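Novice: One structure, as structure tokens, below. Some questions next.
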Amino acid sequence: YNHLRPHDAIGLAVPADRYRPSRRTFTPTVEPFNYGPDLVIRSVDAAANISFQNRRWKASKALVGKHVAIRPTDHDGVFDIVFRHVTIKTINFHQIG
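Reminder that position 77 of the sequence shown reads as 178 in this note's numbering, one-by-one numbering, no gaps.
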């Protein structure tokens, strides 16, 4: 398919003509991440949940089996769930019903 169908965006060339292998090698495993000693670390379970302060919180299915950190914010009772450097969710104990 990529050898047969020309594409306007690449000057009517077929995509296979433009493909170049990456010079970087593929690493199938991701190196462990050091969150630091001041953060609470949790593992995302098979249902994509973590536990924190006696509650279950939904993380992300993409993070099942991975470690996330729980980082306090500047607001009392509000925490960020962080994967590496990315905040994936904010949890607010003041908004719990």
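Cβ coordinates follow ideal geometry from the N, Cα and C atoms, glycine included.
Small disclaimer: the values here were computed from a predicted structure and weren't measured.
#1: Are the CB atoms of LYS162 and ALA149 nearer to each other than 7 Å?
#2: Could you check whether LYS167 and VAL145 sit closer than 7 Å to each other, using their CB atoms as the reference points?
#3: Between PHE183 and TYR136, what straight-line distance do the alpha-carbon atoms span, to the nearest angstrom?
#4: Which residues does DSSP list as the beta-bridge partners of HIS108?
#5: In angstroms, rounded to a whole number, what distance separates the CA positions of LEU105 and THR126?
#6: Using only the alpha-carbon positions, how far apart do ASP175 and ASP181 sit?
Specialist: On the basis of the supplied data:
#1: Your numbering for residue 162 matches position 61 in the sequence shown. Your numbering for residue 149 matches position 48 in the sequence shown. It is a contact, given that the beta carbons lie within the stated cut-off.
#2: As a working note, residue 145 is residue 44 in the sequence shown. As a working note, residue 167 is residue 66 in the sequence shown. The answer is yes: Cβ separation under 7 Å.
#3: Walking along the sequence shown from the start, residue 183 turns up at place 82. Walking along the sequence shown from the start, residue 136 turns up at place 35. Before going on, a small fix: residue 183 reads as Val here, not Phe. C-alpha separation (whole angstroms): 9 Å.
#4: As a position in the sequence shown, residue 108 is number 7, starting the count at 1. Bridge partners of HIS108: ALA114.
#5: Residue 105 sits at position 4 when you count from the first residue of the sequence shown. Residue 126 sits at position 25 when you count from the first residue of the sequence shown. Note on geometry: alpha-carbon atoms of LEU105 and THR126 lie some 29 Å from one another.
#6: As a position in the sequence shown, residue 175 is number 74, starting the count at 1. As a position in the sequence shown, residue 181 is number 80, starting the count at 1. One alpha carbon belongs to ASP175, the other to ASP181, and they sit about 10 Å apart.
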